[in-house]
Amino acid sequence: DAGVIQSPRHEVTEMGQEVTLRCKPISGHNSLFWYRQTMMRGLELLIYFNNNVPIDDSGMPEDRFSAKMPNASFSTLKIQPSEPRDSAVYFCASRDRGLGELFFGEGSRLTVL
Amino acid sequence: AQKITQTQPGMFVQEKEAVTLDCTYDTSDQSYGLFWYKQPSSGEMIFLIYQGSYDEQNATEGRYSLNFQKARKSANLVISASQLGDSAMYFCAGNSGGSNYKLTFGKGTLLTVNP
Numbered sequence: 664d665a666g667v668i669q670s671p672r673h674e675v676t677e678m679g680q681e682v683t684l685r686c687k688p689i690s691g692h693n694s695l696f697w698y699r700q701t702m703m704r705g706l707e708l709l710i711y712f713n714n715n716v717p718i719d720d721s722g723m724p725e726d727r728f729s730a731k732m733p734n735a736s737f738s739t740l741k742i743q744p745s746e747p748r749d750s751a752v753y754f755c756a757s758r759d760r761g762l763g764e765l766f767f768g769e770g771s772r773l774t775v776l
Numbered sequence: 014a015q016k017i018t019q020t021q022p023g024m025f026v027q028e029k030e031a032v033t034l035d036c037t038y039d040t041s042d043q044s045y046g047l048f049w050y051k052q053p054s055s056g057e058m059i060f061l062i063y064q065g066s067y068d069e070q071n072a073t074e075g076r077y078s079l080n081f082q083k084a085r086k087s088a089n090l091v092i093s094a095s096q097l098g099d100s101a102m103y104f105c106a107g108n109s110g111g112s113n114y115k116l117t118f119g120k121g122t123l124l125t126v127n128p
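Going down the list, the protein sequences come from chains A and X. Numbers 664 to 776, taken from the numbering used here, label the letters of the first sequence in order. Numbers 14 to 128, taken from the numbering used here, label the letters of the second sequence in order.
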C-alpha cells in the first residue's frame, strides 16, 4: 500500500510568493494532520482534520496560512504571502482511528528567500 | 490537553548496550495513548511503539520496549542491543480524548550510538 504522499519534496521560493503544499493520505484513514518542524520550535501541529472537517486549527500561525481538505484523499496547505520565517519542513500525516499511530509523509522542505 | 516532556537533548550509548530515553507526560484524561517515533538524518518519521493508558503490560516491539509507569506519568523508551543504525532523533508523543486525539510531540532526544 502507498503511504502518505506529499508534494513537492523541496520548494525554494522568494518572499511574498504563494506556496501550496499537497498531501494524499493513506486510503481509508479518516484523520489528517499538518505539522511544521524547525530546529527552534520542534514539531508543531498546525491543523487537524477529521472526516475532512477541520477539528483544531489553533496551531495555524496567522492568516497567511490556510488549509483545505476538499475530499478524503487530498489536502493542501497554502501560505500566502510567504516569509523567510516560514522556512521549515512541513509534514502531513494520517491516521485511521483516534488512539492509533500517525503515518507520516516524507515531508516538504520549504525555503523562503 | 497532553503535554510531553523530554529532558535529554542528547544521549550517547556504546554499540550493543541498552539505552533508556526519558519521557514524561501530563494529561488529566483517563484514556490516552503514548507513542515513540524515530527520525534519522534522512528526515522521515518512523513509528516505533505505542502504549495505551489501559494497557496493563508494557509495550514491546523487537528491540524496543516502553517502560510505562502510570503513577509517575512516564513512558520511557528502552532500546536494547543498540546498533549504529539506531543513531537518530527520537520523539515521544501523546494524545488523549480530551484533546480530540491530536498528537503532541516532545522536543526530542538525539541518540548517538558509538562503535
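Where is the CB? At the ideal position from N, CA and C, for every residue including glycine.
Separation of residue 45 (chain X) from residue 108 (chain X), as counted between CA atoms: Walking along the second sequence from the start, residue 108 (chain X) turns up at place 95. Walking along the second sequence from the start, residue 45 (chain X) turns up at place 32. Each residue's alpha carbon lies about 6 Å from the other.
Could you please give the first and the last residue of the uninterrupted beta strand (DSSP E) stretch that includes residue 718 (chain A)? Numbered from its first residue, the first sequence carries residue 718 (chain A) at position 55. It spans 716–719 - the beta strand (DSSP E) in which residue 718 (chain A) sits, taken as one unbroken run.
Rounded to whole angstroms, how far is the Cβ of residue 713 (chain A) from the Cβ of residue 736 (chain A), which I believe are closer than 8 Å? Taking the first residue of the first sequence as position 1, residue 713 (chain A) is located at position 50. Taking the first residue of the first sequence as position 1, residue 736 (chain A) is located at position 73. 15 Å between Cβ atoms; not a contact.
For residue 47 (chain X) and residue 743 (chain A), what's the separation of their Cα atoms in angstroms? To locate residue 47 (chain X), count along the second sequence from 1; it is residue 34. To locate residue 743 (chain A), count along the first sequence from 1; it is residue 80. Residue 47 (chain X) and residue 743 (chain A): Cα-Cα distance of roughly 35 Å.
is_contact[residue 103 (chain X), chain A] using C-beta, thresh 8 Å: Taking the first residue of the second sequence as 1, we reach residue 103 (chain X) at position 90. By this cut-off, residue 103 (chain X) is not an interface position.
Using a Cβ-Cβ cut-off of 6 Å (strictly less than) and excluding sequence neighbours within five positions of residue 684 (chain A), which residues of its own chain qualify? On the first sequence, residue 684 (chain A) is found 21 positions in, with the first residue counted as 1. Apart from sequence neighbours up to five positions away, the residues of its chain that approach residue 684 (chain A) with a beta-carbon distance below 6 Å are 740, 753 and 771, ordered along the chain.
Compare the beta carbon distance of residue 35 (chain X) and residue 89 (chain X) with 8 Å and say whether it is the shorter of the two. As a first step, residue 35 (chain X) is located in the second sequence; it is residue number 22 there, counting from the start. As a first step, residue 89 (chain X) is located in the second sequence; it is residue number 76 there, counting from the start. The answer is yes: Cβ separation under 8 Å.
Nearest-angstrom Cα distance between residue 49 (chain X) and residue 690 (chain A)? Position 36 of the second sequence, counting from 1, holds the residue named residue 49 (chain X). Position 27 of the first sequence, counting from 1, holds the residue named residue 690 (chain A). Each residue's alpha carbon lies about 23 Å from the other.
Please list, in chain order, the chain X residues whose beta carbon lies closer than 7 Å to that of residue 705 (chain A). As a first step, residue 705 (chain A) is located in the first sequence; it is residue number 42 there, counting from the start. What residue 705 (chain A) touches in chain X, judged by beta-carbon distance under 7 Å, is 118, 120 and 121, going in chain order.
Counting only beta-carbon separations shorter than 8 Å, does residue 77 (chain X) have a partner in chain A? Residue 77 (chain X) sits at position 64 when you count from the first residue of the second sequence. It does not: the Cβ of residue 77 (chain X) has no partner Cβ on chain A nearer than 8 Å.
Classify residue 25 (chain X): buried if its beta carbon has 16 or more other beta carbons within 10 angstroms, exposed otherwise. As a position in the second sequence, residue 25 (chain X) is number 12, starting the count at 1. It counts as exposed.
Verify the CB distance criterion: does residue 25 (chain X) have a CB-CB separation below 8 Å to chain A? Sequence index remark: in the second sequence, residue 25 (chain X) carries index 12 (1-based). Residue 25 (chain X) does not count as touching chain A.
Going by C-alpha to C-alpha distance, which of X:110, X:105 and X:96 sits closest to residue 126 (chain X)? Position 113 of the second sequence holds residue 126 (chain X). It is X:96.
Kindly list, in the order they appear in chain X, the residues whose Cβ is closer than 8 Å to that of residue 720 (chain A). As a working note, residue 720 (chain A) is residue 57 in the first sequence. Near residue 720 (chain A) there are no residues of chain X at all, since even the closest Cβ is about 11 Å away, more than 8 Å.
Cα-Cα separation, residue 100 (chain X) to residue 58 (chain X): The count along the second sequence starts at 1 and reaches residue 100 (chain X) at position 87. The count along the second sequence starts at 1 and reaches residue 58 (chain X) at position 45. Rounded to whole angstroms, the separation of the alpha carbons of residue 58 (chain X) and residue 100 (chain X) is 14 Å.
If you run the structure through DSSP and keep just helix, strand and coil, what is residue 42 (chain X)? One-based indexing of the second sequence puts residue 42 (chain X) at position 29. Three-state result, residue 42 (chain X): coil.
What does DSSP give as the partner residue(s) for residue 23 (chain X) in the beta ladder? Position 10 of the second sequence holds residue 23 (chain X). Note: residue 23 (chain X) sits in a beta bridge opposite X:123.
Beta carbon of residue 64 (chain X), beta carbon of residue 72 (chain X): below 8 Å? In the second sequence, residue 64 (chain X) corresponds to position 51, counting from 1. In the second sequence, residue 72 (chain X) corresponds to position 59, counting from 1. With a cutoff of 8 Å on beta-carbon distance, residue 64 (chain X) and residue 72 (chain X) are scored as near each other.
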